[in-house]
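Letter 65 of the sequence shown, counting from 1, is numbered 77 in this note's numbering, and no numbers are missing. Each residue gets a CB set at the ideal place from its N, CA and C atoms; glycine is no exception. Below is one structure, written out as structure tokens; the observations come after it.
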Amino acid sequence: MTLDQIIKTGINPALALLSPGMDTPQARVMLLTIGLQESRFEHRYQIVQGRPGAKGPARGFWQFELGTAASRGGVWGVFLHSASNEPLKQVAMQRGVALSPTAIWQAIETDDVLAAALARLLLWTDPKALPKLGDAETAWQQYLRTWRPGAYERGNAQQRVDLRAKWARNYAQALEAVQ
């Protein structure tokens, strides 16, 4: 899916379902960059290396895991957080999805609007403000803090360098699409 397509079919409708303050150029750049980093807007579920057709635990273009109530990560984290709980419930109801983390997690594999809203709400829960446009380093730090990508956390030094370089390319592409 192209960036124009995901903006029109996923991000625009998702942001229209949330409060107006959530729709900013900074939010759009983050949503596009994270989607590119996580799935390139090609994979709706986590690809398992060496196991064609096998699904890993992450779903949707923004690659959300279900998480648990105890971990407060993934869909569960957004569902339980006081800043995102009500908006998530409203979006789920408008999308015809049951109000449970499992139902939301299952739905985001095919519902790009719900997936984009979930991604925006996760960013909303971060106590730090969205990075200024053009500040790829602060955006990278916010991504690491909110998404906690396993490939980075478990990666060796070279893999981390490669992931950071990939982020820079994705950020530049997203910034161009938004400006």
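Keeping to the same chain, check which residues put their C-beta closer than 7 Å to that of residue i; ignore five residues upstream and five downstream.
i      : result
Ala131 : Leu43, Ile46, Trp74
Leu27  : Met34, Asp35, Arg132
Ala66  : Val60
Could you name the residues of the same chain whose beta carbon sits closer than 6 Å to that of residue i, not counting the 5 residues immediately before and after it, in chain order?
i      : result
Ala148 : Ala180, Tyr183
Ala186 : Val41, Leu44, Thr45
Trp88  : Gly79, Thr80, Ala81, Pro113
Compare the Cα-Cα distances from residue i to each of the options and report the closest residue.
i      : options                        : result
Leu142 : Leu15, Gln17, Gly33            : Gly33
Gln191 : Ala39, Leu29, Thr21            : Ala39
Gly108 : Leu126, Phe91, Ala82, Tyr164   : Leu126
Ala115 : Lys144, Glu77, Lys178          : Glu77
Glu121 : Gly22, Gln17, Lys101, Thr158   : Gly22
Leu29  : Glu165, Arg160, Gln106, Lys140 : Gln106
Gly79  : Gln118, Arg52, Gln185, Ala189  : Gln118
Using the beta-carbon count (16 or more within 10 Å), is residue i buried or exposed?
i      : result
Leu111 : exposed
Ser195 : In this structure the chain extends from 13 to 191, so residue 195 is not present and cannot be described.
Glu98  : exposed
Asp124 : buried
Arg71  : buried
Val173 : exposed
Ser83  : exposed
Glu50  : buried
Ser31  : exposed
Gln154 : buried
Ala151 : buried
Pro113 : buried
Gly86  : buried
DSSP has residue i in a bridge; who is on the other side?
i      : result
Arg172 : None, per the DSSP bridge assignment.
Tyr57  : Arg71
Phe91  : Paired residue(s): none; Phe91 is not in a bridge.
With a threshold of 8 Å on Cβ separation, who are the neighbours of residue i within its own chain once the five nearest residues in sequence on each side are excluded?
i      : result
Gly68  : Tyr57, Gln58, Ile59, Val60
Ala163 : Gln171, Leu175
Pro37  : Leu145, Val190, Gln191
Round the Cβ separation of residue i and residue j to the nearest angstrom and send it over; I've been treating them as touching at under 8 Å.
i      : j      : result
Thr137 : Val103 : Actually they do not touch by this definition, with Cβ atoms about 14 Å apart.
Val41  : Leu145 : 6 Å
Is residue i near the ligand GDP, with its Cβ less than 6 Å from a heavy atom?
i      : result
Val109 : Ligands displayed in this structure: none; no statement on the ligand GDP is therefore possible.
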